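One structure is given below, encoded as structure tokens.
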Amino acid sequence: PKKLKEFDLVVIGGGSGGLAASQEAAKFGAKVALLDFVETTPHGSNWGIGGTCVNVGCIPKKLFHFSSQIKELMDFSESYGWNFDKSSLKMDWKTLVGNVQDHIHSLNWGYKTKLRDKNISYFNALGKFKTNHIIELNKRNYEKEEIYGDKIIIATGGKPRYPSISGSKFCITSDDLFSLKKPPGKTLIIGASYIALETAGFLKSFGYDTTVMVRSQILRKFDQQIANLIQKNMEKKGIKFMINTTVKNIEKQKENYEVTFCEHDLKHQKLENFETVISAIGRDPRTFGLNLEKIGVSMNKKGKIIHENEQTNIKNIYAIGDVLETDYELTPVAIMQGKLLAQRLFSNLKTKMDYSLIPTTVFTPLEYGFVGLSEEDAIKKYKQENIEVYHSFITPLEFTVPHVGENETYLKVICNKLENEKIIGIHYLGPNAGEIIQGFAVAIKIGLTKNQLTSSVGIHPTCAENFTTLDITKRSGENPKKTG
Ligand code: FAD
Ligand code: NA7
């Protein structure tokens with residue numbers, strides 16, 4: 042029989058985690074193979090190498106969000122001296138999609154070139170385990186091949202979930218949205234977390250009638266004071282929320298979709314027509330079809346891979362990214378896991394992934410960035426009497442001239458009184474949240490206390506400088522709104 046190609050490492054999945062792991066392993070001289078294969082969605086969408094983040098996640102999402110911010114700036118640009126005919130302002134969906142897709146294609150190309158430069162063997166093939174060392178490749182042209190991996194990393198990511206109702210096939214997901222041929226028009230978004238709210242934010246600003254269907258509460262796992270502020274801000278922008286509501290059925294009409302839904306406290310069902318229905322109800326790990334059951338890799342009830350330091354229960358098989366059982370589905374987490382794992386496997390560096398104090402940002406119209414505990418979780422963990430919460434509502438300088446967003450930007454710092462007011466949570470709702478929180482996340486990771494924060498000199502005039510002057514505690518009951 043033909044001898045199999047042999048590799049020190051086979052990585053299944055060329056997304057954020059897989060690319061990072063394969064390149065780091067190659068850096069230390071390992072012979073690496075990387076497989077990436079994108080299955081076409083039920084609505085016909087497909088894309089290139091790079092995984093979710095690059096093709097249908099963070100990258101197009103942030104660019105669409107930026108487009109919505111441009112619109113917002115245009116809304117109040119007159120007060121800054123810009124005169125133009127606002128009545129002709131219109132979202133050209135095709136241009137936005139076209140230009141964003143062009144950028145994504147350039148990234149796809151860049152990844153392929155990088156793999157070649159680093160001597161990583163790239164296979165555009167769907168992989169599955171034949172044994173714990175042999176991977177069967179199913180290529181685009183229906184050819185099959187088998188390769189041998191001494192070590193294998195599963196980095197197959199996740200897939201958007203569809204509601205289990207009749208007509209769910211009419212829903213599109215984030216996998217289709219950023220390459221949609223025609224503008225979505227009047228849109229229903231089912232779900233109330235990151236993806237649902239971010240999508241609602243940019244679609245509404247593009248001028249489409251937008252409704253978010255929330256089965257419990259928005260951003261349920263996040264700080265609820267801030268979740269409420271986000272909802273208020275989005276409502277002010279004209280985004281509609283159906284709270285405590287679930288979808289029952291979707292039927293195709295001639296021009297649009299008739300959606301049947303039900304509020305929890307009401308018996309009767311209601312109907313409304315939408316041109317587009319987006320399912321944003323979470324993601325399932327892409328562990329099916331890999332033959333993991335056959336080779337005995339342990340998974341939890343949700344299909345996520347159980348691990349210890351990213352190693353599965355099968356000694357030579359590892360997993361990273363969204364397929365792994367952790368609290369995070371974030372690109373930098375997948376990248377860090379991949380990089381550190383490859384170092385541990387192929388060099389004498391032994392650093393393990395640290396899952397504490399991972400920062401994140403929700404790119405809603407008013408962005409929300411945080412690191413550490415929500416106020417609810419801080420109270421639960423340390424008890425109310427042992428925490429001190431400092432907070433302030435501010436108006437960014439840029440908003441004062443056009444008189445918008447007065448006291449809507451919010452800063453909150455949660456400290457542990459038992460440990461010299463060490464900061465255990467920092468929250469910021471306002472412009473540039475990701476940029477602002479990134480730096481603070483580093484400081485908090487190395488143990489920043491409230492005293493150290495307020496003895497730092499600020500940068501003027503910025504929103505972030507207000508963290509260095511926080512002095513009102515929630516306990517005092519003083520008004521946290523800045524006046525004058
Ligand atoms: P992926 O990037 O999903 O890559 C997995 C790859 O493996 C895919 O290309 C897949 O097609 C391929 N594959 C699957 N099965 C096989 C197989 N059997 N054989 C070969 N290839 C296979 N994170 C952030 O940090 N910030 C954000 O702002 C952010 N925004 C997001 C917005 C949206 C709309 C979405 C959907 C996600 C967002 N995320 C964000 C999450 C982020 O995209 C993921 O956490 C990240 O992509 C996970 O990386 P991964 O390597 O685990 O998997
Ligand atoms: P999340 O963060 O898993 O949240 C899922 C949301 O969808 C949440 O609001 C859920 O409401 C809601 N949900 C879940 N199932 C249903 C059903 N069946 N019907 C209605 N609503 C439902 O998912 P996202 O997609 O926003 O984000 C996933 C990751 O991608 C995230 O970590 C980012 O990194 C990007 P609940 O609160 O449970 O009532």
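The sequence shown begins at 42 in my numbering and counts up by one. Ideal placement from N, C-alpha and C gives every residue a C-beta, glycine not left out. All values derive from a computational prediction rather than experimental measurement.
Taking the alpha carbon of residue i as the reference point, which residue from the options has its own alpha carbon closest?
i, options, result
"L438", "E417, P472 and F411", "P472"
"D512", "H432, R181 and K308", "H432"
"K24", "K289, G279 and N314", "No statement about residue 24 is possible, as the shown extent of the chain runs from 42 to 525 and does not include it."
"N173", "A166, F164 and I188", "I188"
"E351", "V374, E334 and L331", "V374"
"T490", "V412, K43 and E460", "E460"
"G337", "N165, T353, T214 and L407", "T353"
"I236", "G248, T510 and L218", "L218"
"R516", "L470, G248, R157 and I455", "I455"
"E519", "G344, G499 and V430", "V430"
"L407", "N332, T450 and K72", "T450"
"D49", "V73, L60, V318 and A482", "V73"
"C99", "F263, E80, V141 and T82", "V141"
"I53", "I376, L75, G70 and K43", "L75"
"T328", "E316, G344 and V318", "G344"
"V97", "L148, E65, M132 and F117", "L148"
"L244", "T136, T510, P225 and G58", "P225"
"R202", "T214, A196 and F302", "T214"
"D250", "P83, T392, F282 and K356", "F282"
"P502", "Q493, A482 and T441", "T441"
"I465", "K102, K421 and G323", "K421"
For residue i, verify whether its CB is less than 7 Å away from any heavy atom of the ligand NA7.
i, result
"T450", "no"
"L365", "no"
"T240", "no"
"I322", "yes"
"R261", "yes"
"I236", "yes"
"N517", "A small correction: the amino acid at residue 517 is Ser; Asn does not occupy that position in the sequence shown. For the ligand NA7, not one heavy atom lies less than 7 Å from the Cβ of S517."
"A71", "no"
Give the range of the beta strand (DSSP E) segment to which residue i is assigned.
i, result
"E447", "That residue, E447, is in no beta strand (DSSP E); it is neither H nor E in DSSP."
"F48", "K46 to I53"
"L229", "T228 to I231"
"G379", "Careful: G379 lies outside any beta strand (DSSP E), inside the alpha helix (DSSP H) at T372 to F387."
"I428", "I428 to I435"
"D191", "K185 to I195"
"L244", "First-last for L244: Y235 to S246, but that is the alpha helix (DSSP H), not the beta strand (DSSP E)."
"L218", "No beta strand (DSSP E) contains L218, which is instead part of the alpha helix (DSSP H) from S215 to L218."
"F78", "Unbroken run through F78: none, as it is neither H nor E."
"G198", "Counting along the chain, G198 falls outside any beta strand (DSSP E), and DSSP gives it neither H nor E."
"M254", "T251 to M254"
"E412", "Here residue 412 is Val; the residue named in the question, Glu, does not match the sequence. Y409 to G413 is the span of the beta strand (DSSP E), which, as asked, contains V412."
"T401", "T401 to V403"
What residue range is occupied by the uninterrupted alpha helix (DSSP H) comprising residue i?
i, result
"E177", "No alpha helix (DSSP H) contains E177, which is instead part of the beta strand (DSSP E) from I175 to K180."
"Y423", "E416 to Y423"
"G59", "S57 to K68"
"L438", "L438 to T441"
With a Cβ-Cβ cutoff of 8 Å, do residue i and residue j count as a contact?
i, j, result
"T402", "A505", "no"
"V51", "I193", "yes"
"G488", "K463", "yes"
"G92", "G151", "no"
"A241", "V253", "yes"
"I161", "G168", "no"
"T228", "R256", "no"
"F170", "K335", "yes"
"A67", "K159", "yes"
"Y469", "G410", "yes"
"A360", "G232", "no"
"G199", "D325", "yes"
"V288", "I230", "no"
"F481", "I467", "yes"
Is the closest heavy atom of the ligand FAD to the C-beta of residue i under 7 Å?
i, result
"T372", "yes"
"C212", "no"
"R202", "no"
"K44", "no"
"S57", "yes"
"S34", "Residue numbering for the chain in the displayed model covers 42 to 525; residue 34 lies beyond these limits and cannot be assessed."
"D77", "yes"
Is there a Cβ of chain B sitting closer than 8 Å to that of residue i, yes or no?
i, result
"S162", "Although the question refers to chain B, the structure presented lacks it and comprises just one protein chain."
Quick check for students: name the residue ranges of the alpha helix (DSSP H) that lie wholly in the region 456-501, counting only runs of 4 or more. 474-486 and 491-495
Inside the region 84-170 only - alpha helix (DSSP H) runs reaching at least 4 residues: Segments of the alpha helix (DSSP H) lying fully in the region 84-170: 92-97, 99-116 and 134-158.
Taking the runs of the beta strand (DSSP E) that are 3 residues or longer, which of them lie wholly in the region 301-359? Restricting attention to beta strand (DSSP E) runs no shorter than 3 residues, the region 301-359 encloses them at 310-315, 317-320 and 324-326, ordered along the chain.
Only counting runs of 4 or more residues, tell me where the alpha helix (DSSP H) segments fall wholly within the region 262-292, in order along the chain. Taking only runs of at least 4 residues, the alpha helix (DSSP H) segments lying wholly in the region 262-292 are 265-277.
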